[in-house]
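Taking it in order: structure first as C-alpha cells, then the write-up.
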Amino acid sequence: MSEYIVEMNHITKRFPGITANDDVTIKIRKGEIFALLGENGAGKSTLMSMLFGMYEPDEGEILIRGKKEHISSPSYAASLNIGMVHQHFKLVSNYTVTENIILGIPSKTRRFGFLPSVDLKAANQRVEEISRKYGLEVNPTSRIEELNVSVQQRVEILKMLYREAEILIFDEPTAVLTPQEIEFLLEIIRGLRESGKTIILITHKLEEIKKVADRCAILCRGKLIDVLDVASTSTKTMANLMVGREVSFVTEKQPPKFGDVILKVDHLTVKNQDNFPVVKDVSFSIRGGEIFAIAGVSGNGQVELADAIAGLLKAASGTIVLNGTDITYYSIRKRTLEGISYIPEDRQNYGLVMDFTLEDNLALRNYFKEPFSKKGILNREAISAYGTKLIEEYDVRSGQGNKTIVRSMSGGNQQKAIIAREIEQECPLAIFVQPTRGLDIGAIENIHKQMIAERDKGRAILLISLELDEIMNCADTIGVIYNGQIQKIAPAGELTASQVGEFMMGVKQDAK
Numbered sequence: 001m002s003e004y005i006v007e008m009n010h011i012t013k014r015f016p017g018i019t020a021n022d023d024v025t026i027k028i029r030k031g032e033i034f035a036l037l038g039e040n041g042a043g044k045s046t047l048m049s050m051l052f053g054m055y056e057p058d059e060g061e062i063l064i065r066g067k068k069e070h071i072s073s074p075s076y077a078a079s080l081n082i083g084m085v086h087q088h089f090k091l092v093s094n095y096t097v098t099e100n101i102i103l104g105i106p107s108k109t110r111r112f113g114f115l116p117s118v119d120l121k122a123a124n125q126r127v128e129e130i131s132r133k134y135g136l137e138v139n140p141t142s143r144i145e146e147l148n149v150s151v152q153q154r155v156e157i158l159k160m161l162y163r164e165a166e167i168l169i170f171d172e173p174t175a176v177l178t179p180q181e182i183e184f185l186l187e188i189i190r191g192l193r194e195s196g197k198t199i200i201l202i203t204h205k206l207e208e209i210k211k212v213a214d215r216c217a218i219l220c221r222g223k224l225i226d227v228l229d230v231a232s233t234s235t236k237t238m239a240n241l242m243v244g245r246e247v248s249f250v251t252e253k254q255p256p257k258f259g260d261v262i263l264k265v266d267h268l269t270v271k272n273q274d275n276f277p278v279v280k281d282v283s284f285s286i287r288g289g290e291i292f293a294i295a296g297v298s299g300n301g302q303v304e305l306a307d308a309i310a311g312l313l314k315a316a317s318g319t320i321v322l323n324g325t326d327i328t329y330y331s332i333r334k335r336t337l338e339g340i341s342y343i344p345e346d347r348q349n350y351g352l353v354m355d356f357t358l359e360d361n362l363a364l365r366n367y368f369k370e371p372f373s374k375k376g377i378l379n380r381e382a383i384s385a386y387g388t389k390l391i392e393e394y395d396v397r398s399g400q401g402n403k404t405i406v407r408s409m410s411g412g413n414q415q416k417a418i419i420a421r422e423i424e425q426e427c428p429l430a431i432f433v434q435p436t437r438g439l440d441i442g443a444i445e446n447i448h449k450q451m452i453a454e455r456d457k458g459r460a461i462l463l464i465s466l467e468l469d470e471i472m473n474c475a476d477t478i479g480v481i482y483n484g485q486i487q488k489i490a491p492a493g494e495l496t497a498s499q500v501g502e503f504m505m506g507v508k509q510d511a512k
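Using full-length UniProt numbering, read the sequence shown as starting at 1 and increasing by one per residue.
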C-alpha cells in the first residue's frame, strides 16, 4: 500500500497557445494539508481540475490510494471520494441550501416502487447534522441568493462532505472573504484535517499557508519549482520561488505632493434597495497626488460609497463634486467621461463581460470613440492593437492573447485586465475597490507600484480595501468607516494599524 493517497506523476496539460502544466509530479500523504502555491495563471487550478475530472491530462498518470485511475468526470472523482470547492462557486441561486447539496446525486428512494423521488425532509436533516458536526452552521431551507459569500462557501464545503469526500480540494478559498471570515475558514480546514480528511489548498496567500499547511508545492509558469516543508521555510523564500525574482513586502513611495481638490463628497447619504441608509452623512475630499484610503470591516457601507461616486447607486442626499463640477445626478457614462476610473469589487458582474474576448473587454471604455470606431462602425484593427499593447504592458496572461474569452482566464488575470483598462484612461480620479483581491504577491506588488505611479502623476486615488496592511502601506490619508459613518480622517503617518483597527470596530468615536 502506497504511503500517498494522491500521486500525480509527470502531468502535462496543453491548451491552445499555452502549456498549463509541464511535467508536474506531486505526491500527497493521507491526512495532511498540502498547499499549491503559485502566481495567477501558474497552472494550480488546472492541475487540480484534472484530479477532479474536469480536464484529462495530455501526458502522465494519476494514482489514488496507490491505484492508477482514469478520472474522466467530476462524478467519477466523487466516486473516489474526491471533492472540490471552486474559486467561483457552482451554486444555483434560486435553489435552497439542501437542494444545491443533493443536486446530481441519484435518488435511492422510489415512489410506487419505481418512480425516483427525493425526501427533502430527510435531506434537510442530514445537512443540518453534517453542518453541526463540522462547525459549518447553515439553514438548510435558505435560498442561496439570500446568503452572503462566506455562507455560500460553507454550502460548497457541505456538498463535498455530504458526498463523503476524503480528499478535499479548496481553490483560492479565501479570495472573497473578509479577514474575520478567513480565520474562521482556516479553523474549519484544521478541523477537517483532524477528522481524517486530506486537504489540498490552492492559494497564493503566504500567511495562510504558514498557518495551516504541512507542505507546499510551488508552481511557476506551469513548471514545478520545488516541494517544501512549510514550517522550515520562510514566506520570503516562498514568494521569491513563486514569482521567480526577489519580492519586496514593503511598498516604496516618495512623500506626497498634494495638488488641488479633485473629489469633494459633502454630506452624502446612500440607501439600499430596502430604503435603509447604508452610507450616512459622509463628507471628505481627495486632492491630486493623494491616495485616500477607506478602511472598514466588510459591510459597513464602503462599497456602496464607491458605487455612489461611480454612479452605480443613487445618492439619497448630499453632493459629489469632481473637479468643481457637481456630478451627483450624472449617468455612469457621463461620469466616466468627466474623469472617473473604477475598479469594482465584483470583477465578474461589474468589471467584465465574461463571454467577450479579452480585446473587447479592454476596449469597453473607448469603443465608441475614434480610432476604435467611426460613425458607429468598429475598427477591429485598432481595438486589437490596443488590446495587444495593454496585455504586454500589464502582463495579462491568457491562452490565446487578444482572442481569449475572458471567462476562461484565471481570476487574477481577469483583475489585471480591468486594472489595465482603467489605469490607461488617465482619469483625474481613480477608484480602486479591493484591487488586489485574489492576486498573488508579485501582482499585488505591481498594482501597488502602479497606484503610487498614478498618484505621483497628480491623480486622486480612492482606495477601498479590507486588507489593513494594504491601507497602511499605500495610503497618504486614511478615513475609517463604521456602520456607514466616517469615524476618523487623518494622515496615514499619524495612525497605527492598531488604532485604525479600533476605529473599524467602532471602539473609538472621537472627532474627525
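Just so you know, even glycine gets a beta-carbon here, dropped at the ideal spot from N, CA and C. Predicted model, so just to flag it, every value in this text is computed and none were measured.
query, result
"Touching or not, the stretch 155-168 and the stretch 122-136, by the rule of three or more beta carbon pairs under 8 Å?", "yes"
"Kindly list the residues whose CB is nearer than 8 Å to the CB of residue 130, restricted to its own chain and excluding five residues on each side of it in sequence; keep chain order.", "136, 158, 161, 162"
"Tell me, please, whether the stretch 252-265 touches the stretch 281-300 by the rule of three or more beta-carbon pairs shorter than 8 Å.", "yes"
"Beta-carbon separation of residue 490 and residue 262 under 8 Å?", "no"
"Can the beta-carbon of residue 396 be found less than 8 Å from the beta-carbon of residue 224?", "no"
"Given residue 59, which residues of its chain have a CB within under 6 Å of its CB, disregarding the five upstream and five downstream residues?", "12"
"Give the straight-line distance between the Cα atoms of residue 200 and residue 142, rounded to the nearest whole angstrom.", "29 Å"
"With residue 499 as the anchor, note down where its alpha helix (DSSP H) starts and where it stops.", "497-504"
"Is it buried or exposed, residue 88, if we count other Cβ atoms within 10 angstroms and call 16 or more buried?", "exposed"
"Confirm, please, whether the CB-CB distance from residue 423 to residue 454 is below 8 Å.", "yes"
"Near residue 302, what residues of its chain come up, given a Cβ to Cβ distance below 7 Å and the 5 sequence neighbours on each side ignored?", "294, 296, 464, 481"
"Could you tell me how far apart the beta carbons of residue 185 and residue 192 are, in whole angstroms, since I believe they sit closer than 8 Å?", "Contact doesn't hold; Cβ gap of about 10 Å is too wide."
"I need the straight-line Cα distance from residue 147 to residue 90, nearest angstrom please.", "14 Å"
"Check the DSSP bridge columns for residue 84 and list the partner residues they point to.", "169"
"Which stretch, first to last residue, makes up the beta strand (DSSP E) that contains residue 465?", "460-465"
"Alpha carbon to alpha carbon, what distance is there between residue 203 and residue 181?", "16 Å"
"Would you grab the beta carbon distance between residue 51 and residue 33 for me? Rounded to a whole angstrom, and I think it's under 8 Å.", "Actually they do not touch by this definition, with Cβ atoms about 16 Å apart."
"If you draw a straight line from the alpha carbon of residue 76 to that of residue 498, how long is it in whole angstroms?", "49 Å"
"So what's residue 316 in DSSP terms, helix, strand or just coil?", "coil"
"Between residue 222 and residue 19, what straight-line distance do the alpha-carbon atoms span, to the nearest angstrom?", "7 Å"
"Please return the same chain residues whose Cβ sits closer than 6 Å to the Cβ of residue 306, not counting the five positions on each side in sequence.", "431, 433, 464"
"Restricting to runs no shorter than 3 residues, where is the beta strand (DSSP E) found entirely within the stretch 399-451?", "429-433"
"Give me whichever residues DSSP pairs with residue 266 in a beta bridge.", "319"
"On the DSSP bridge list, what partners appear for residue 285?", "264"
"Do you know how far the Cα of residue 27 is from the Cα of residue 63?", "9 Å"
"Can you find a heavy atom of the ligand FMN that lies under 7 Å from the Cβ of residue 89?", "With respect to small molecules bound, the structure shown includes none, and the ligand FMN cannot be examined in it."
"Excluding sequence positions up to five away, which residues of its chain have a Cβ less than 7 Å from the Cβ of residue 331?", "311"
"By the three-class DSSP mapping on this structure, what secondary structure does residue 54 have?", "coil"
"At least one CB of chain C closer than 8 Å to the CB of residue 465: is that the case?", "In the displayed structure, chain C is absent; only one protein chain is listed."
"Going by C-alpha to C-alpha distance, which of 82, 124, 80, 86 sits closest to residue 101?", "124"
"Could you give the DSSP three-state label for residue 76: helix, strand or coil?", "helix"
"Please go through the stretch 3-54 and give each complete beta strand (DSSP E) segment of 3 or more residues, from N-terminal end onward.", "4-15, 18-29, 33-38"
"Over what stretch of residues does the alpha helix (DSSP H) that includes residue 381 continue unbroken?", "380-393"
"Which of the three DSSP states, helix, strand or coil, is assigned to residue 184?", "helix"
"Might you give, ordered along the chain, the residues of its own chain that have their beta carbon closer than 8 Å to the beta carbon of residue 411, omitting 5 neighbours on each side?", "40, 87, 88, 172, 175, 347, 438"
"Helix, strand or coil for residue 256 per DSSP?", "coil"
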